[in-house]
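To keep things clear, I will list the structure first and then write my remarks on it.
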Amino acid sequence: MDLCVTIKGVSFLLQAGLGILANTLVLLAYAHILLTEAQLQPVDAILCHLAFADLLLLLTRGVPQTMTVFGMKNLLDDAGCKVVIYTYRIARALSVCITCMLSVFQAVTVAPAAGPLLSRLKARLPRLLVPTFAALWFINMAVCIAAPFFSVAPRNGTVPPFTLNLGFCHVDFRDNLSYVINGVAVSVRDFAFVGVMLGSSGYILVLLHRHSRKVRGIRRSQGASMETRAAKTVVMLVVLYTVFFGIDNVIWIYMLTVAKVPPVVADMRVFFSSCYASLSPLLIISSNKKVKARMVCATSDQERQAEDNKPSDVKS
């Protein structure tokens, strides 16, 4: 195994391992909160759903990609490829949709109540979460339904033109028209959601700036401080997604212009498109006091249990 392959393999392994661990810890922390507090706050429910989508994304793309880089072949048959690619497409779509949903929700939450319509919307937001989650799952499952028809296990020999070679699976679009239509459709959907999240995040930043000027020199209440921290976390998540989304789509646009995509280009796109799923839970852990507190408690309990299990010195 040469140095380039080793570096690529280790990079994918660290990305997938770190992301899976971090997203799992976030989900376990929210599960503990749900058990102890009986319900999640709306923002926490959205972040929990985002962690689940990102975990699903890494399991269906990061893990098989890592195994392929290290030389494992024939991981999936045609049916397995169809299931994995379909699940990955849904998880990727949910990641951008839920990040957008989080940004819009936070923008409405921090917006000043300028009229009865906005006031009623704010009051109804918690009740709209479950229907919105269900709608996003249903819509993305329907939009991504074409993915399984183009997904096949790798065949011996050369890769046909207009085929995305993922290593563990091939996505064969048969001709240039279907290849370009698929790429444009995915890009338009993603750009639309990114545009909405950038607009709502910009609005949040404007409100935070106005708020900081008004309360300068005034003691802030605990509620306002928590709301401000949540808004800043949302903005940071949007910025993080936008950075990797930009890199991902620059590579994707290049891939749409060539009939045969070099494997190194496809690997680069896979890596950058999965960075958000790996790094976003770390941002949630570092900025969310509830999640961090659960992890600190879990660590303290483990240390206490280890101390209790130590054999005590008995003097004879």
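If you're matching positions, the sequence shown starts at 1221 in the working numbering and goes up one per residue. Cβ coordinates follow ideal geometry from the N, Cα and C atoms, glycine included. Remember, it's a predicted structure, so these values are computed and weren't measured experimentally.
Please tell me whether residue i and residue j are closer than 7 angstroms, where the distance is taken between their beta carbons.
| i | j | result |
| --- | --- | --- |
| aspartate 1487 | alanine 1373 | no |
| isoleucine 1266 | leucine 1322 | yes |
| isoleucine 1305 | serine 1407 | no |
| alanine 1271 | asparagine 1243 | yes |
| serine 1500 | leucine 1457 | yes |
| isoleucine 1504 | valine 1246 | yes |
| proline 1368 | lysine 1452 | no |
| valine 1330 | leucine 1427 | yes |
| alanine 1497 | leucine 1278 | yes |
Residues in its own chain within less than 6 angstroms of residue i by CB, not counting five upstream and five downstream?
| i | result |
| --- | --- |
| lysine 1228 | Val1289 |
| phenylalanine 1232 | Gln1285, Thr1286, Val1289 |
| leucine 1275 | Asn1243 |
| glycine 1291 | none |
Quick one: is residue i near chain D, going by C-beta distance under 7 angstroms?
| i | result |
| --- | --- |
| leucine 1276 | Absent from the structure is chain D; it holds one protein chain and no more. |
Whose C-beta lies closer than 7 angstroms to the C-beta of residue i among residues of the same chain, with five residues either side of it excluded?
| i | result |
| --- | --- |
| proline 1336 | none |
| isoleucine 1473 | none |
| phenylalanine 1413 | Val1316, Cys1317, Cys1320 |
| asparagine 1402 | Phe1393 |
Alpha carbons only, please: which of the options is nearest the one belonging to residue i?
| i | options | result |
| --- | --- | --- |
| valine 1316 | Gly1415, Val1516, Pro1483 | Gly1415 |
| proline 1284 | His1429, Gly1237, Val1404 | Gly1237 |
| phenylalanine 1382 | Thr1477, Gln1326, Phe1465 | Thr1477 |
| isoleucine 1467 | Ala1450, Phe1358, Ser1494, Leu1502 | Ser1494 |
| lysine 1509 | Val1263, Val1400, Leu1386 | Val1263 |
| isoleucine 1318 | Met1515, Thr1448, Met1417, Leu1502 | Met1417 |
| threonine 1448 | Phe1465, Arg1430, Phe1358, Tyr1461 | Arg1430 |
| glycine 1239 | Thr1280, Arg1394, Asp1222 | Thr1280 |
| cysteine 1224 | Val1484, Gly1300, Ala1299, Leu1502 | Val1484 |
Out of curiosity, what's the CA-to-CA distance linking residue i and residue j?
| i | j | result |
| --- | --- | --- |
| leucine 1234 | phenylalanine 1491 | 11 angstroms |
| alanine 1354 | leucine 1397 | 32 angstroms |
| isoleucine 1471 | arginine 1489 | 6 angstroms |
| leucine 1248 | proline 1380 | 43 angstroms |
| glycine 1437 | arginine 1347 | At glycine 1437, the pLDDT of 49 sits below 50, so the modelled position is not reliable and the matter cannot be decided from this model. |
| leucine 1386 | arginine 1409 | 22 angstroms |
| leucine 1338 | arginine 1344 | 10 angstroms |
| lysine 1342 | leucine 1241 | 34 angstroms |
| glutamate 1257 | valine 1400 | 49 angstroms |
| proline 1351 | leucine 1314 | 14 angstroms |
| valine 1404 | valine 1516 | 45 angstroms |
Could you name the residues of the same chain whose beta carbon sits closer than 8 angstroms to that of residue i, not counting the 5 residues immediately before and after it, in chain order?
| i | result |
| --- | --- |
| leucine 1260 | Tyr1250, Ile1253, Leu1254, Cys1268 |
| arginine 1375 | His1390 |
| glutamine 1326 | Val1263, Ser1420, Ile1424, Ala1450, Ala1451, Val1454 |
Original post:
So does the segment 1421-1430 actually touch the segment 1382-1390, counting three or more Cβ pairs closer than 8 angstroms?
Top reply: no
Original post:
Are three or more beta carbon pairs between the segment 1356-1373 and the segment 1293-1311 nearer than 8 angstroms?
Top reply: yes
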